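For reference, the structure discussed in these notes is given below.
Numbering (the numbering used here), first residue to last: 20 to 88.
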């Protein structure tokens, strides 16, 4: 896995690597205090990755919502 820091205000990190979507829920669980998640995705991205991310979030205990733009 590779981490890239994006220097904006505020700065944030982007993770790049194989298999990250399966662990998305557990990663989110470690860094946020809430237990509701909203996934915002374009139609094509949603079709390819949406269910995998939603499932990962639900498995980690999040109440999930999906919004397609």
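Ideal Cβ positions, reconstructed from N, Cα and C, are used throughout, including at glycine. Keep in mind it's a predicted model, so treat the numbers as computed, not measured.
Nearest-angstrom Cα separation, counted from residue j out to residue i
i, j, result
"residue 21", "residue 38", "12 Å"
"residue 80", "residue 72", "13 Å"
"residue 25", "residue 34", "11 Å"
Close beta carbons around residue i, own chain, < 6 Å, minus the five adjacent residues each side
i, result
"residue 55", "82"
"residue 43", "72 and 75"
For residue i, the residue or residues it bridges with in DSSP
i, result
"residue 24", "32"
Boundaries (first-last residue) of the beta strand (DSSP E) holding residue i
i, result
"residue 59", "55–60"
"residue 85", "82–87"
Alpha helix (DSSP H) segment containing residue i, residue limits
i, result
"residue 76", "70–78"
"residue 66", "Element bounds for residue 66: n/a, residue is neither H nor E."
"residue 44", "43–50"
Chain-order list of residues whose beta-carbon lies under 8 Å from that of residue i (same chain, five-residue window excluded)
i, result
"residue 68", "40 and 60"
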